[in-house]
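*Asks:* Heads up: the sequence shown begins at 1037 in my numbering, then just goes up one per residue. Ideal Cβ positions, reconstructed from N, Cα and C, are used throughout, including at glycine. First the structure, which I've put down as structure tokens, then a few questions once you've had a look.
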Amino acid sequence: MIAKLGGHLGVAVFGLISFVLVALAVIGINRLTGFNIFSFSFWVFIPAGALLTGVAAASGYYFASLFFHTRPTWFLLAQILIVTAAAQLVIYYGEYRSLVLDDGTMASDAIGFRDYLDTYLRSMHLRAGHGGHIDTGEVGDFGYWLAVIDFVGFVLGGLFVFFMLQTYPSCWKCSRYLRKISKTGQMFSDHDLFAKHYDSLFQHPVGSKPFADLMRANPKIRKPAVDTVMMGSELLGCAHCKTQLLTQKVQILGKKGWKDIPKLTRQVRLPDGVDLRQVVKPG
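As structure tokens, this is what we get:
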């Protein structure tokens, strides 16, 4: 019980640390370069910068949860949402407190935060075109809507982190997060050969020689041709229960790069006592 409470406390502490560090980094970059990372967007309504900043701000919760083996709960979700929702306002306030006017006066000595924020939002500029060379001028009241869009981006970034924790593979016995042990890849230029391989692999007992032989067949090559199929296998394990999970992801090489085939992704729990560390390893 004490260990569990300690884990939750550790997650909370590391989450707050990442939140503070990200806020300071955004403020510092803005002061040095004049570029506000979280305000960057695609086509105005896709707050890419806010999404990434929200993910970064909540990253401490993610990595600390994995380290302390703390499963995502509603309490953790509340912490993430509070932090990502507050991040935007904290960054605004940090920029306000650190802003020095042309005459050397601190902005915080000359104007209140509410008036500063109103002026800041109304005087924002939208830039379009290649390299942002087209300046649309001050946005006026629309600046408040841009702030709302950024706020949604922050929150969605936090929700993404929580979703990643929820879907991260965990031990079905003790609920601890699984650790990556090793991985390997196989490539197939013949689609029929791949289909036969994929369908027949788990017809053999896991850990048997025929299974191992299939896992070692068709190793990756340096320069695959277009339409080559690649099956990546990753072995995860629980250090406490010694359970193992084999995950496989299939991709096909197109003219623009590798493309996932989600319907062929699979996760297979290995029987107790089976150890595939000598089978699943880089070729």
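DSSP has threonine 1283 in a bridge; who is on the other side?
*Replies:* Here residue 1283 refers to the residue found at position 247 when the sequence shown is read from its first residue. Its beta-bridge partners are Glu1270 and Gln1303.
*Asks:* Between valine 1184 and alanine 1059, what straight-line distance do the alpha-carbon atoms span, to the nearest angstrom?
*Replies:* Translated into positions along the sequence shown, residue 1184 becomes position 148. Translated into positions along the sequence shown, residue 1059 becomes position 23. Their Cα atoms are separated by approximately 18 Å.
*Asks:* Looking only at C-alpha atoms, which of Ile1116, Leu1192, Pro1307 and Phe1187 sits nearest to serine 1244?
*Replies:* What you label residue 1244 is simply residue 208 of the sequence shown in a count that begins at 1. Considering only alpha carbons, the answer is Pro1307.
*Asks:* Over what stretch of residues does the alpha helix (DSSP H) that includes glutamine 1202 continue unbroken?
*Replies:* On the sequence shown, residue 1202 is found 166 positions in, with the first residue counted as 1. Segment 1178-1203, the alpha helix (DSSP H) holding glutamine 1202.
*Asks:* For histidine 1166, collect the residues of the same chain with a Cβ closer than 6 Å to its Cβ; drop the 5 residues on either side in sequence, then sort them by chain order.
*Replies:* Walking along the sequence shown from the start, residue 1166 turns up at place 130. With a pLDDT of 47 at histidine 1166, under the threshold of 50, the modelled position of that residue is not reliable, and the figure given next carries that caveat. Correct list: empty, nothing qualifies.
*Asks:* Of the residues Gly1064, Arg1107, Phe1078 and Val1056, which one's Cα is nearest the Cα of cysteine 1210?
*Replies:* Along the sequence shown, one-based indexing puts residue 1210 at 174. Among Gly1064, Arg1107, Phe1078 and Val1056, the Cα nearest to that of cysteine 1210 belongs to Arg1107.
*Asks:* Once you ignore the five residues that flank asparagine 1066 on each side, which residues in its own chain have a CB closer than 7 Å to its CB?
*Replies:* The count along the sequence shown starts at 1 and reaches residue 1066 at position 30. Once the five neighbours on either side are set aside, the close Cβ partners of asparagine 1066 are Asn1072 and Glu1131.
*Asks:* State the beta-bridge partners of isoleucine 1288 as determined by DSSP.
*Replies:* Stepping through the sequence shown from its first residue, residue 1288 is reached at position 252. Answer is Val1265 and Lys1295.
*Asks:* What is the DSSP secondary structure of valine 1136, reduced to helix, strand or coil?
*Replies:* Looking up residue 1136 in the sequence shown gives position 100. Of the three classes helix, strand and coil, the one that applies to valine 1136 here is strand, per DSSP.
*Asks:* So is valine 1236 buried or exposed if we call it buried at 16+ other beta carbons inside 10 Å?
*Replies:* For the purposes of this step, residue 1236 is identified with residue 200 of the sequence shown, where counting begins at 1. The sequence as given places serine at residue 1236; valine does not occur at that position. By the neighbour-count rule (16 or more Cβ atoms within 10 Å), serine 1236 is not buried but exposed.
*Asks:* Excluding sequence positions up to five away, which residues of its chain have a Cβ less than 8 Å from the Cβ of serine 1134?
*Replies:* Against the sequence shown, residue 1134 aligns to sequence position 98. Result list for serine 1134: Ile1063 and Arg1067, in chain order.
*Asks:* Should proline 1255 go down as buried or exposed, given a rule of 16 or more other Cβ atoms within 10 Å for buried?
*Replies:* Counted from its first residue, the sequence shown places residue 1255 at position 219. Counting the other CB atoms within 10 Å of its CB gives proline 1255 a total below 16, which places it among the exposed residues.
*Asks:* Where tryptophan 1208 and valine 1126 are concerned, what is the direct C-alpha to C-alpha distance, given to the nearest angstrom?
*Replies:* As a working mapping, residue 1208 is identified with position 172 in the sequence shown. As a working mapping, residue 1126 is identified with position 90 in the sequence shown. If you take the alpha carbons of tryptophan 1208 and valine 1126, they lie about 40 Å apart.
*Asks:* In the DSSP assignment, find the unbroken beta strand (DSSP E) run with arginine 1215 in it and report its ends.
*Replies:* As a first step, residue 1215 is located in the sequence shown; it is residue number 179 there, counting from the start. Residues 1215-1224.
*Asks:* Where do the ends of the alpha helix (DSSP H) carrying valine 1091 lie?
*Replies:* Numbered from its first residue, the sequence shown carries residue 1091 at position 55. Segment 1084-1104, the alpha helix (DSSP H) holding valine 1091.
*Asks:* Determine the contact status of leucine 1272 and arginine 1215, defining contact as a CB-CB distance below 9 Å.
*Replies:* The residue given as residue 1272 occupies position 236 in the sequence shown. The residue given as residue 1215 occupies position 179 in the sequence shown. Contact: yes.
*Asks:* Rounded to whole angstroms, how far is the Cβ of phenylalanine 1076 from the Cβ of glycine 1090, which I believe are closer than 8 Å?
*Replies:* Numbered from 1 along the sequence shown, position 40 holds the residue referred to as residue 1076. Numbered from 1 along the sequence shown, position 54 holds the residue referred to as residue 1090. Actually they do not touch by this definition, with Cβ atoms about 13 Å apart.
*Asks:* Can you list, in chain order, the residues of its chain with a C-beta nearer than 8 Å to that of glycine 1168? Leave out the 5 residues immediately preceding and following it.
*Replies:* Translated into the one-based positions of the sequence shown, residue 1168 becomes position 132. Summary for glycine 1168: the model assigns pLDDT 47, below 50, so the residue's position carries little reliability; its value from the coordinates is reported in the next sentence. So no residue of the chain qualifies.
*Asks:* What three-state label does DSSP hand methionine 1142 in the structure shown?
*Replies:* For the purposes of this step, residue 1142 is taken as the residue at position 106 of the sequence shown. Of the three classes helix, strand and coil, the one that applies to methionine 1142 here is strand, per DSSP.
*Asks:* Who pairs with serine 1206 in a beta bridge, going by DSSP?
*Replies:* Working through the sequence shown from its first residue, we reach residue 1206 at position 170. The partner list for serine 1206 (beta bridge, DSSP) reads Tyr1213.
*Asks:* To the nearest angstrom, how far is it from the Cα of glycine 1096 to the Cα of valine 1191?
*Replies:* Start at 1 with the first residue of the sequence shown, and residue 1096 comes out as number 60. Start at 1 with the first residue of the sequence shown, and residue 1191 comes out as number 155. In a straight line, the C-alpha of glycine 1096 is about 15 Å away from that of valine 1191.
*Asks:* For threonine 1283 versus arginine 1252, is the C-beta spacing smaller than 9 Å?
*Replies:* Start at 1 with the first residue of the sequence shown, and residue 1283 comes out as number 247. Start at 1 with the first residue of the sequence shown, and residue 1252 comes out as number 216. In this structure, arginine 1252 does not lie closer than 9 Å to threonine 1283 by Cβ.
*Asks:* Considering only their Cβ atoms, is the gap separating isoleucine 1116 from alanine 1094 smaller than 9 Å?
*Replies:* Against the sequence shown, residue 1094 aligns to sequence position 58. Against the sequence shown, residue 1116 aligns to sequence position 80. Against a cut-off of 9 Å, the Cβ pair of isoleucine 1116 and alanine 1094 comes out as a contact.
*Asks:* When the Cβ atoms of the stretch 1221-1238 are set against those of the stretch 1261-1280, are three or more pairs found closer than 8 Å?
*Replies:* When C-beta atoms of the stretch 1221-1238 are compared with those of the stretch 1261-1280, three or more pairs fall below 8 Å, so the two segments count as touching.
*Asks:* According to DSSP, simplified to helix, strand and coil, what is proline 1246?
*Replies:* The sequence position of residue 1246 within the sequence shown is 210, counting from 1. Residue state, collapsed to three classes: helix.
*Asks:* Spatial neighbours of glycine 1043 within its chain, please: C-beta separation below 8 Å, excluding the five flanking residues on both sides.
*Replies:* On the sequence shown, position 7 is the one that residue 1043 refers to. Contacts found: Phe1104, His1105 and Thr1106.
*Asks:* So arginine 1305 and leucine 1289 are supposed to be a Cβ contact under 8 Å. How far apart are they, rounded?
*Replies:* Sequence index remark: in the sequence shown, residue 1305 carries index 269 (1-based). Sequence index remark: in the sequence shown, residue 1289 carries index 253 (1-based). Going by Cβ atoms, the distance from arginine 1305 to leucine 1289 rounds to 30 Å, so no, they are not a contact pair.
*Asks:* Please classify phenylalanine 1187 as buried or exposed, where buried requires at least 16 other C-beta atoms within 10 Å of its C-beta.
*Replies:* In the sequence shown, counting from the first residue as 1, residue 1187 sits at position 151. Looking at its Cβ environment, which holds 16 or more other Cβ atoms inside 10 Å, phenylalanine 1187 is buried.
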